[in-house]
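All remarks here apply to the structure that follows.
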Amino acid sequence: MKFPHFFWSCVSLTALVLAGCNSSSDGPGSATLNDPNWSAGQDTMQSISTPFHDNQAGIFALVRGNSQRFLSAQIGDRSFTSASINSTDSYNDITAFRVTQSSNGNTKSDYVIVACSNEGNADIFLASNPGQVDSNDLGSMSSCVSIAAKPEDYTNGIAMKAYIAGNSRLGEITFSVNLFDNSGFDVTAFNSSVSVIPEGSAVEIRAVAGIENLFNDIYPHYAIQGSTNQIKRRTSSTTSSEIYKSTSNPLTGSLGKANLTDLILIPDNGLFMVGEDQGLAALYHEQFGGVLSSMTKFSGDGSRCIDALAWDGSQLWCHDGTSEGRLIRFTPPEAPAS
């Protein structure tokens, strides 16, 4: 899932809500949020998403197992609400947008969820009704594994944008939604643009994040699955630059492949990452220099993270590898420059 909040519109509200969560703390600075329907040995936590520009502090997750479930909550809740998704597609990742629209003196607000599917579709539904799904083909991206909202304000529901990644391809989708459609909601002007990454069709992308630089240009950063554990930045449709490369797994510190599953940027701190191995690592980020190649592996709460990661503008959330089916919340550690 994999985009951070560059413009959190209600930091003070979030801080207030989080301050009220102390009773659910399981350790220093940590809080928990549970999936009450988790099936041990069957379910996997595919994705966590916290929308930016959201004054309601929503948090969402995707669980896949014998069935596929959409989880929703507000920050401060102890448990998720679980709902089935009306789709035969198998989802790998989700991203969420807060949308508020008015018509004829009436106002509606909801969360628009975009799911990235193994079948090469971008499926769109409302958090209030995951039973109504609008499916959109992604063309040459035969399997979508990661999606990241672009860091812009889409609360009007118009020309919403997200990066997508799958196999050896990167792309972008654009679409609009109408919350006042007679059918419940409607997706209009959907468009996808997909191209093979400069490394060619022999490589596989596992995670993508949209990262804004000092001049408000936004570039996708992506992790390539392979023995050298590369993280790269797309600089144009035909070029990319290498940010990090190592034969060591940054999550474990040992030699081997890192199957990274999430990239999350905290501005002026780091590009944080988790994967199929338990652990949390980050590349240093600075406002004027962008993402740099200094990698740090963290101890503390972050060492419990696995599979999925999100940032709500104040705190990090991740799936707890020591107690699966539970998310933990903790203050982001500082990624050192060297």
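If you count the sequence shown from 1, position 141 lands on 152 in my numbering, and the numbers rise without skipping.
Where is the CB? At the ideal position from N, CA and C, for every residue including glycine.
*asked:* Taking the beta carbon of T333 as the centre, do at least 16 other beta carbons fall within 10 Å, making it buried, or is it exposed?
replied: Taking the sequence shown and counting its residues from 1, one reaches residue 333 at position 322. By the neighbour-count rule (16 or more Cβ atoms within 10 Å), T333 is not buried but exposed.
*Which residues DSSP lists as bridging F283, in chain order*: Within the sequence shown, residue 283 is the residue found at index 272, counting from 1. Per DSSP, I275 and A293.
*Any idea if F17 is buried or exposed, counting beta-carbon neighbours within 10 angstroms, 16 or more meaning buried?*
Locating residue 17 in the sequence shown gives position 6, counting from the first residue. Residue confidence is low: F17 scores 34 on pLDDT, short of 50, so the model does not pin down where it sits. No coordinate-derived value is stated.
*Kindly identify the DSSP beta-bridge partner or partners of P322.*
Start at 1 with the first residue of the sequence shown, and residue 322 comes out as number 311. The amino acid occupying residue 322 in the given sequence is Trp; Pro does not appear at that position. Partner(s): L327.
*Pair within 8 angstroms by beta-carbon distance, V125 and L137*: Numbered from 1 along the sequence shown, position 114 holds the residue referred to as residue 125. Numbered from 1 along the sequence shown, position 126 holds the residue referred to as residue 137. At least 8 angstroms separates the beta-carbon of V125 from that of L137.
*Following the continuous beta strand (DSSP E) through C127, name the residue where it begins and the one where it ends.*
On the sequence shown, position 116 is the one that residue 127 refers to. Its beta strand (DSSP E) spans residues N117 to S128.
*Residue-level contact to chain C via CB, K256, 8 angstroms cutoff*: Given the protein chain composition of this structure (a single chain), no chain C is represented.
*How many Å lie between S128 and T99 at the Cα?*
Walking along the sequence shown from the start, residue 128 turns up at place 117. Walking along the sequence shown from the start, residue 99 turns up at place 88. Roughly 10 angstroms separates the two Cα atoms.
_Contact the stretch 197-205 vs the stretch 261-277: 3+ CB pairs below 8 angstroms_ = In short, these stretches do not touch, since the Cβ pair count stays below three.
*Could you check the C-alpha separation between S8 and F91 for me, to the nearest Å?*
No answer is possible for residue 8: the residues shown for the chain start at 12 and end at 349.
*According to DSSP, what are the bridge partners of Q67?*
Residue mapping note: residue 67 aligns to position 56 of the sequence shown, counting from 1. For Q67, DSSP assigns no beta-bridge partner whatsoever.
*Is it buried or exposed for T307, if we count other Cβ within 10 angstroms and need 16 for buried?*
Taking the sequence shown and counting its residues from 1, the one referred to as residue 307 is at position 296. Classification for T307: buried.
*Give me whichever residues DSSP pairs with G182 in a beta bridge.*
Residue 182 sits at position 171 when you count from the first residue of the sequence shown. Paired residue(s): I175 and V205.
*Do the stretch 109-120 and the stretch 155-172 touch if we need at least three Cβ pairs shorter than 8 angstroms?*
Yes, since at least three Cβ pairs between the stretch 109-120 and the stretch 155-172 fall closer than 8 angstroms, the two stretches touch.
*Taking C-alpha atoms, which residue in V188, H64, N48 and G182 lies nearest to Y230?*
Numbered from its first residue, the sequence shown carries residue 230 at position 219. For Y230, the nearest C-alpha among the options comes from G182.
_Nearest candidate by alpha-carbon position, reference R75, set M56, Q67, I86 and S60_ = In the sequence shown, counting from the first residue as 1, residue 75 sits at position 64. With distances taken between Cα atoms, R75 lies closest to M56.
*Nearest to P162 by CA position, among A173, V156, S153 and S154, is which residue?*
What you label residue 162 is simply residue 151 of the sequence shown in a count that begins at 1. It is A173 whose Cα lies nearest to the Cα of P162.
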